[in-house]
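Reading through the structure tokens given below for one structure.
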Amino acid sequence: MPQVFNFGRLFFPDKKPIPDEVRFQPLGNHVGNAIELVRYWKKDDFPAPESFDRVIEAAKIHDMGKPKHFAIQSKPNNKGEFKEYIYSFKGHRFDARSKDTWAEKLAIGHHDFSVKDITRDTYALKKDPKYQHILAQDPLAYARELYILEMCDQIEAELACRVLGDDAQAESRAFMDFTIAKQDDDDIYLIDPWPFTESLISMTFRHWSMNPRDIDLDEELQQCIDGENSKQVADLGKTLDRLAKKWWRSLEKTPQEAEPRTISLQAYPSNKHDRSWTAAEFYDRLAGFKPNSMQSKLFDAIYDPEDTKHPAILLKGDTGTGKTESILFPALASGYRIFFPLPARSLLEDQKQRIEQYLKKFSQLYPGREFSMVVDTGSQMHRWIYQNGVEVNRTINARRHLYKGDVILTTIDKFLYRYFAFGDKQKSFTFPLRINQERSLICFDEAHSYDDISFTNFQSLVRSLYEAGRSLVLMTATMPQQLAEYFDYLEVFDFTGISKPHQRSFEWLNTVPCVREDTEGQKDYREFQKKSTQIILAEQQARHNGRILVVIETVRDAAAIYQNLKEQIGGNADRSGRFLFLYHGRIDEGIRLDIYQAIKNRDDLQQPYIVVTTSAIEVGCDLNAEVLISQICPPENLIQRVGRCNRRGDVTNAKVIVIGDRIPEFANSLDESGWQHYQETLQSLNKFDSQAIADCIFQKQHIDDYRVVELFSMLHDYVYGADLTCQPVHEKGLIPTRSWTPSVTLKFHGNPKNSTEQVKHSISVPIDRLCSRENQFAFVCVNERRYDKETSKWNDNYPLGWGSAYNKDIIISISNSLSDFILDATLPEYSYDPELGFVDLPSIFIKLKTNGSEEKLLYQYTDKSQQKKSAIVTYTKSLDK
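Here you go:
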């Protein structure tokens with residue numbers, strides 16, 4: 015008489031409240047298949063000679079606790095109605111037991127794969143004399159073994175889902191590093207990449223079947239459906255769980271298994287790098303043009319289908335010479351997973367479009383195979399799949415990507431965040447492990463754009479990757495020699511000056527004041543906004559089909575100039591005919607991506623446009639404007655902005671106009687003598703001379719903030735060395751990427767200006783930008799986002815509490831339509847226009863005076879019960895304060 019619930023997995027082929035069938039995979043079948051996959055795994059992937067036996071032992075015991083923890087549950091949809099049945103073995107992994115301590119830890123750790131669990135277990139194993147030498151040689155040995163166990167478990171699980179009739183569950187697997195597809199023959203499944211020693215593996219899947227109707231158990235489920243809606247979903251799960259256990263116990267012996275299904279698992283017919291390429295062949299097939307001398311040289315240096323090279327390169331090249339292709343192409347041809355950490359989020363969409371066209375063509379070279387690109391900004395994580403030259407739409411768990419892609423686009427800030435395993439509590443160690451896999455190549459674009467804290471972190475990151483043996487490329491157009499010397503261990507490829515300088519006329523209108531200030535210190539920017547508008551209109555009238563890029567230093571001035579232009583020339587008719595655009599970093603990300611797409615489409619078609627923007631668009635964006643109008647800015651910024659004008663050298667009358675009498679204080683990098691030299695240079699030019707402007711750059715000596723260096727070191731020791739003394743630093747979430755000032759999320763949820771349609775828009779903003787007392791508004795609420803361990807979900811509705819801002823996810827919400835927001839009748843309502851973005855930032859905090867090393871911000875509010883409340887959040891001061 016069966017008593018033990020000896021189930022490995024459950025499958026619900028239909029999504030009905032009263033299912034036609036429930037299928038139970040025997041625990042022994044699942045475990046046996048997982049063991050077989052471990053036996054076939056490539057031996058070179060095991061970090062030590064003893065690793066194989068440990069992973070086999072862990073595979074044998076990893077699910078031994080499942081029978082005791084089996085439960086069926088039901089899951090509601092967004093309306094609270096029945097959606098589907100799920101099953102749970104929650105807590106089963108903690109019952110795994112073995113005489114081998116390492117194998118036992120693998121079995122217990124096989125589900126979570128979090129940085130906290132892995133560092134804790136690695137630390138404990140390091141203290142055991144039997145394992146010290148293994149972890150001394152490879153500190154990630156435990157994590158690598160755990161990864162093999164996880165992947166064998168996941169591969170078996172996904173195949174079981176597909177074979178036993180639950181494709182939806184197969185698609186939801188959140189941790190797979192492999193793509194599985196069924197061949198035309200139902201019994202053959204293809205996997206990519208192929209991780210096994212054998213070229214063909216046979217696997218058998220078994221199951222028991224229960225039909226509630228056939229055994230007269232459906233009436234109780236029907237009663238749940240007929241009951242109260244509020245209890246319906248939960249009762250269905252509890253009832254089916256009880257009925258299934260009752261059915262199993264009622265059997266006199268283990269039920270007869272259904273007909274077993276044997277499948278074959280094999281590699282895709284062709285391998286990504288199973289053919290030899292020359293640079294000329296690959297460029298012709300992928301892009302239809304011949305590589306220049308830089309691209310040919312880099313192809314030879316990086317192309318590595320046999321995995322014998324570990325390139326570590328500093329590439330210097332002029333703007334617009336194809337540096338991205340020179341790295342991307344040999345990386346794709348070699349089968350690398352290539353990371354592009356970019357200095358600014360504004361570059362992601364531009365690079366995504368550029369790389370997408372190549373991935374589509376690349377997928378045509380290998381018919382049937384999937385290639386993918388991940389874009390990770392933290393708040394947004396997307397994965398695009400390409401097959402046979404087209405994008406493939408597939409419903410996939412949002413977390414599934416976990417850097418599972420051939421190309422990963424992200425920002426340097428988010429890459430650092432992932433490098434140190436910050437993010438979701440579960441599976442967090444997936445990011446550092448995949449970054450540090452052998453077939454990874456990390457390419458840092460625009461490497462000259464980092465300074466101060468960001469450069470300190472940047473050079474620490476590059477060195478740590480280099481010392482770990484990762485393949486690296488740093489690309490730069492204007493990195494000063496003083497900073498380049500920090501990377502003297504990299505091989506330098508200098509191709510600056512290989513292209514003919516692009517011609518641009520030049521004019522500096524230094525009689526336009528950036529700001530007027532009255533005797534009481536009040537600042538007035540209207541004259542600058544008005545005269546800038548007039549200059550733009552004059553250029554627009556002179557070039558009826560011109561492409562004009564206008565770069566302004568502040569969002570306030572950019573939005574005002576845009577509104578002036580809109581009033582005078584229109585330009586925002588329908589989407590296809592739009593030619594006037596506003597683009598800056600305080601526009602909602604989704605809208606901003608659409609705007610950039612529209613700008614880029616017009617640019618590619620050489621259609622006229624006027625783009626008013628801020629520095630958000632100056633680095634790396636692939637625009638080819640005919641006229642650049644820039645507010646006066648430091649010389650290094652001007653060079654970058656001019657790179658968007660006549661970028662391809664095909665504009666015969668390209669023009670650069672600089673307006674303004676003095677660089678705004680917050681943006682200035684020059685001392686008084688440097689400013690004098692810069693003025694003299696600008697006044698002497700009638701054609702833009704990038705070298706003359708570069709000579710004006712203030713070469714201040716870079717001094718590392720010792721606190722940033724120490725924090726990087728401590729986080730590295732914790733994540734990659736399992737030094738638990740550094741765990742508190744990681745738990746605080748403290749990782750200054752560009753400054754010590756943390757950022758918060760600013761949201762608007764409600765009806766925008768002149769609209770009845772509700773929107774949900776958000777941006778990220780440094781917390782100290784919310785300290786002005788000038789902009790106070792009604793309908794503002796401050797919460798913090800916390801992780802709920804019980805539900806494994808994030809909750810955004812916790813009131814802001816006291817403590818360090820670094821380990822808080824602070825959300826500032828503005829709403830003029832939700833009843834749970836408190837209205838202070840004495841304050842004006844926030845006027846939000848999605849087209850302009852968050853021009854004004856609300857005043858939320860009061861900056862308190864402190865003598866120590868911490869900044870303290872006070873938040874005061876009245877709760878729903880009219881009680882006055884307050885909270886103080888802290889963060890570290892910069893060295894110059």
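Heads up, the sequence shown is in my numbering, so the first residue is 15 and it goes up one at a time. From the three backbone atoms N, C-alpha and C, an ideal C-beta is built for every residue, glycine too. Here the structure is a predicted model, which is why all the values come from computation and not from measurement.
Residue-level contact to chain D via CB, residue i, 7 Å cutoff
i, result
"residue 45", "The structure shown contains no chain D; it holds only a single protein chain."
Counted within 10 angstroms of its Cβ, other Cβ atoms place residue i as buried (16 or more) or exposed
i, result
"residue 441", "buried"
"residue 402", "exposed"
"residue 143", "exposed"
"residue 293", "buried"
"residue 88", "buried"
"residue 298", "exposed"
"residue 638", "buried"
"residue 897", "Because the chain spans 15 through 895 in this model, residue 897 falls outside it and cannot be assessed."
"residue 458", "buried"
"residue 25", "buried"
"residue 39", "buried"
"residue 398", "buried"
Bounding residues of the alpha helix (DSSP H) (the contiguous stretch that carries residue i)
i, result
"residue 125", "Where residue 125 is concerned, there is no enclosing alpha helix (DSSP H), given that its DSSP letter is neither H nor E."
"residue 721", "720 to 735"
"residue 610", "603 to 618"
"residue 78", "Counting along the chain, residue 78 falls outside any alpha helix (DSSP H), and DSSP gives it neither H nor E."
"residue 691", "686 to 698"
"residue 106", "Segment: none, residue 106 is in no alpha helix (DSSP H) and carries neither H nor E."
"residue 498", "495 to 498"
"residue 165", "155 to 177"
"residue 551", "540 to 556"
"residue 310", "307 to 316"
"residue 461", "Residue 461 -> no alpha helix (DSSP H), and no H or E assigned at all."
"residue 297", "293 to 300"
Rounded C-alpha distance that separates residue i from residue j
i, j, result
"residue 870", "residue 471", "25 Å"
"residue 827", "residue 463", "32 Å"
"residue 30", "residue 98", "7 Å"
"residue 735", "residue 474", "16 Å"
"residue 565", "residue 364", "18 Å"
"residue 302", "residue 315", "21 Å"
"residue 764", "residue 771", "8 Å"
"residue 782", "residue 892", "12 Å"
"residue 745", "residue 148", "27 Å"
"residue 255", "residue 46", "26 Å"
"residue 75", "residue 28", "31 Å"
"residue 493", "residue 461", "7 Å"
"residue 311", "residue 481", "25 Å"
"residue 243", "residue 201", "Model confidence at residue 243 stands at a pLDDT of 49, short of 50, so the residue's coordinates are unreliable; what they give is reported in the following sentence. When rounded, the distance between both Cα atoms is 43 Å."
"residue 62", "residue 225", "48 Å"
"residue 429", "residue 760", "22 Å"
"residue 290", "residue 320", "10 Å"
"residue 630", "residue 167", "44 Å"
"residue 850", "residue 774", "15 Å"
Within 7 Å, strictly: CB atoms of residue i and residue j
i, j, result
"residue 598", "residue 625", "no"
"residue 519", "residue 669", "yes"
"residue 780", "residue 755", "yes"
"residue 277", "residue 190", "no"
"residue 174", "residue 37", "no"
"residue 274", "residue 220", "yes"
"residue 726", "residue 683", "no"
"residue 60", "residue 21", "no"
N- and C-terminal bounds of the beta strand (DSSP E) containing residue i
i, result
"residue 37", "36 to 40"
"residue 351", "351 to 356"
"residue 90", "85 to 90"
"residue 672", "669 to 673"
"residue 624", "623 to 627"
Any non-hydrogen atom of the ligand ATP within 6 Å of residue i CB
i, result
"residue 499", "Although the ligand ATP was asked about, the structure shown includes no ligands whatsoever."
> Would you call the region 417 to 434 and the region 443 to 459 in contact, with 3 or more CB pairs under 8 Å?
Replying inline: yes
> Three or more C-beta pairs closer than 8 Å, one from the region 493 to 502 and one from the region 344 to 360: is that the case here?
Replying inline: no
>> With a threshold of 8 Å, are at least 3 pairs of Cβ atoms found where one atom belongs to the region 64 to 73 and the other to the region 160 to 168?
In response: yes
>> Using 8 Å as the cut-off, can you tell me whether the region 691 to 706 makes contact with the region 548 to 558, which would need three or more C-beta pairs spanning the two stretches below that distance?
In response: no
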